[in-house]
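In what follows, a structure is listed as structure tokens, so that the remarks can point back to it.
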Amino acid sequence: MGNINRDLAKNELLDSRETSSLEMKNDSLSQKVKKDGPWRVAAKKMMRDKAAVTGLILLTIIILLSVLAPVLPLQDPEETDLVNRLKPPGTEGHILGTDELGRDLLSRLIWGGRISIFVGFVAVGIALLFGTILGLIAGYFKRFFDTVIMRIIDVLMAFPYVLLAIAIIAALGPGLMNTMIAISVVGIPYYARIVRGSTLTFREMEFVMAERAMGANHFHIIFHHILPNCLPPLIVAASLDVGWMILAASGMSFLGLGAQPPLAEWGVMLSEGRKFIRVAPHVSLFPGLAIFLVVLSLNLIGDGLRDVLDPRTK
Amino acid sequence: MLLYVLKRLIALIPVLLGVTILVFSIMHLSPGDPAKIILGPKATEESLMQLRADLGLDLPVYKQYINWISNVLVGDWGRSIQLKMEVLPLIIDRFGATLILTAASILLAGVFGIVFGVIAAAYRYTFIDRLLMILILIGFCIPVFWLGILLQIEFGLKREWLPISGMYPPGQTGMLELIKHLILPAISLSMGSGAVIARMTRSSMLEVLEQDYIRTAYAKGIREKKVIFKHSLKNAFIPVITVLGMQIGFLLAGAVLVEIVFSWPGIGTLMINGILARDFPLVQGIILFVATAYVLVNLIVDIIYAFLDPRISYE
């Protein structure tokens, strides 16, 4: 019954919205917004930002190369060839040279991208999911939930990010999977705070009050009205965070706490190559460059997104 | 003001309590029996039981926590399994090196960050600004461990200007040697924070430069230099100091990567070796030590911030 009433009320609301938009048909601005929608307007604005487009192109190329690694004419990234170890870039058959076991660096770099980029995106995804849920609960229900969740988050934030990630890996044991879990946990407070802040603002807004008055349940209000409004700052934060996660995961592998050799992962490659910087500096040069380019492209995209989505920069 | 400091100190208690609980639970959740790690794989069940009882591992978890925290408060942080030494003196001994590295890095990051930020703001929207912003972005994105390796290759191995590892040459000490060994690690560690500070300085300066009183200053015919240094910088400084303070904590923890690259004998190296050797008392001690230092640094920064900016409410 409550649902029917709400649907009826909603239809009335929609009707009134249509009427009002008809009344404003001479207003060209509102027409444009109605035609394009806020997301499309943001996308168009973003495409005018040269730095963001450069980042987007760079990231697309890197992701495409990583995704297509199995079908590209590359050597096996784990195939050793001790006769041809530490060959410099430009050697026949090895464009970027070989590492200490004679493995092809280009192949390892492209295959390594699959792991590093995957870890970055998945870790952000996990942090985003749990952070959003906790932030929504704390901000929407307030009182007990807010106190408990925010106190836990305060404690997590009392740790520097790197230290907390290392502490969690120390407990779970070194490994790629545990690194992914650790950096995800470290990211949760960040998203929870963003979502909580937005939720606290939106739950008091008139459109949410109206929904509540019409009998909408909490689930409906949270997922249909509050969450969509939390998305812009979340997208900006997540886009900037993927780069940090990739950096953190490769850093952990570099320390020997993340992915383990002989896996072709950029941090591992850098750590292994470091032992040969006197005789073959290129072995540690390329994986570091790859991490740098991915992080740079993600930052360019993130900055561009912030310019178009963050209301404070408008 | 005193009341504000007191209130902040009281607010610190639950956070520190939370930190100790988290550190304790992290180490408690970890797989593996500490008694087995200490006695090795050949230990008999009897000796394992005896050691568990000696270490209090057979007690309920909350009692173990109370025992542990009571010991921590009186300075007994346990013994390192691997190094067979008391944990706290070991940490304090190695913390000096980390502190030197962090202090040098924050100095570099602060000086270069603020200088670059002010220059970028003074030449806002010109070629110089754009060039500096690109450099700052590179500094922000470059992996600290890779930058360390690049500096080692270029200035240590190719040009042989500076040493690439350790704190002193074997068997030697002295200020000059320390500075020579410190330059490359400090540059590596400071790069990211320097970039953050430069960005903050620039945006804070730009905000101040748009204020009415700055326009008035220009209208009165005051020279650009004076407007920048006398009228703007002071007010733009407050948010920069907060960021600078936050960076101290991050550098303290971030030093671990640089310490590994340059074989710097700080607590970062100690911690990683401890993790790989599953030396839990040592790792637990270092994490607690750094987290407490981080919380205290943030408190000091907040107090300085409140002291500098009269607009901040002490309530």
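Going down the list, the protein sequences come from chains A and B.
The numbers in numbering that gives the first Met the number 0 rise by one with no breaks, and the one at position 223 of the first sequence is 222.
The numbers in numbering that gives the first Met the number 0 rise by one with no breaks, and the one at position 283 of the second sequence is 282.
We put the CB at the ideal spot given by N, CA and C, even for glycine.
Taking residue i as the reference, give the member of the options with the closest Cα.
i	options	result
Gly255/A	Met268/A, Ala41/A, Glu99/A, Ile94/A	Met268/A
Asp98/A	Leu85/A, His223/A, Leu128/A, Gly303/A	Leu85/A
Asn340/B	Gly193/B, Gly244/B, Ile271/B, Gln283/B	Not covered by the structure: residue 340/B. The range shown for chain B is 0 to 314.
Asp53/B	Ser104/B, Tyr61/B, Asn66/B	Asn66/B
Met176/A	Thr59/A, Leu299/A, Gln259/A, Gln74/A	Gln259/A
Tyr189/A	Ser252/A, Asn216/A, Met244/A, Ala169/A	Met244/A
Ile152/A	Glu271/A, Gly134/A, Glu91/A, Ser249/A	Gly134/A
Gly130/A	Gly242/A, Leu226/A, Gly36/A	Leu226/A
Ser283/A	Thr198/A, Ala263/A, Asp306/A	Ala263/A
Leu239/A	Leu136/B, Ala42/B, Ala102/B, Ile68/B	Leu136/B
Gln202/B	Gly31/B, Ile113/B, Gly17/B	Per the sequence presented here, residue 202/B reads as Ser, with Gln not at that position. Measuring from the Cα of Ser202/B, the nearest candidate turns out to be Ile113/B.
Tyr167/B	Phe261/B, Met0/B, Leu98/B	Phe261/B
Met251/A	Lys141/A, Glu271/A, Phe140/A, Thr178/A	Thr178/A
Ile68/B	Ile37/B, Gly17/B, Glu206/B, Thr43/B	Gly17/B
Tyr139/A	Gly174/A, Met156/A, Ile221/A, Val278/A	Ile221/A
Can you tell me the Cα-Cα spacing of residue i and residue j, whole angstroms?
i	j	result
Phe285/A	Ile276/A	12 Å
Gly253/B	Gly191/B	10 Å
Val143/B	Leu188/B	6 Å
Ile299/B	Glu153/B	38 Å
Leu11/B	Ser183/A	26 Å
Ser29/B	Phe120/A	26 Å
Asn228/A	Phe201/A	8 Å
Leu67/A	Ile61/A	10 Å
Val22/B	Trp76/B	13 Å
Trp38/A	Asp302/A	16 Å
Arg192/A	Leu108/A	36 Å
Tyr64/B	Leu72/B	12 Å
Leu308/A	Pro40/B	58 Å
Ile168/A	Ile127/B	43 Å
Pro103/B	Asp92/B	The residue asked about is misnamed: residue 103/B is Ala in this sequence, not Pro. Looking at the two C-alpha atoms, the distance is approximately 18 Å.
Arg129/B	Ala50/A	12 Å
Step through the CB atoms of chain B and report whether any lies within less than 9 Å of the CB of residue i.
i	result
Gly303/A	no
Arg273/A	yes
Ser283/A	yes
Ala166/A	yes
Leu155/A	yes
Asn83/A	no
Ile276/A	yes
Val118/A	no
Pro280/A	yes
Asn298/A	yes
Tyr189/A	no
Which whole-angstrom value describes the C-beta separation of residue i and residue j, a residue pair presumed to lie in contact below a C-beta threshold of 8 Å?
i	j	result
Gly267/B	Ile259/B	7 Å
Ile186/B	Leu107/B	7 Å
Leu57/A	Ser296/A	4 Å
Ile165/A	Met270/B	7 Å
Ile302/B	Arg7/B	7 Å
Ala194/B	Leu251/B	In fact, because the Cβ distance is near 18 Å, the residues do not count as touching under 8 Å.
Cys140/B	Val118/A	With a Cβ gap of about 17 Å, Cys140/B and Val118/A do not count as contacting.
Look at residue i and residue j and say whether their C-beta atoms are less than 9 Å apart.
i	j	result
Ala137/A	Leu163/A	no
Met132/B	Ala121/B	no
Leu161/B	His180/B	yes
Val226/B	Ala216/B	yes
Phe279/B	Ile80/B	yes
Ser115/A	Trp265/A	yes
Gly111/A	Pro76/A	yes
Ile333/B	Ile286/B	Outside the displayed span of chain B (0 to 314) sits residue 333/B, for which this structure offers no information.
Val154/A	Ala247/A	no
Pro184/B	Val255/B	no
Arg211/A	Met149/A	no
Ile125/A	Gly186/A	yes
Leu71/A	Leu64/A	yes
Gly116/B	Val239/B	yes
Pro264/B	Gly155/B	no
Pro33/B	Leu56/B	yes
Thr53/A	Leu299/A	yes
Leu304/A	Met45/A	yes
Within 9 Å of any Cβ in chain A, is that where the Cβ of residue i sits?
i	result
Phe236/B	no
Ile12/B	no
Glu141/B	First, the residue type needs correcting, since residue 141/B is Ile and not Glu in the sequence shown. Closer than 9 Å: yes.
Val195/B	no
Ile320/B	Absent from the model: residue 320/B. The displayed extent of chain B is 0 to 314, so no value can be given.
Val289/B	yes
Leu208/B	no
Trp145/B	yes
State yes or no: is the C-beta of residue i nearer than 8 Å to some heavy atom of the ligand HEM?
i	result
Gly31/B	The ligand HEM is absent from the structure shown, which contains no ligand whatsoever.
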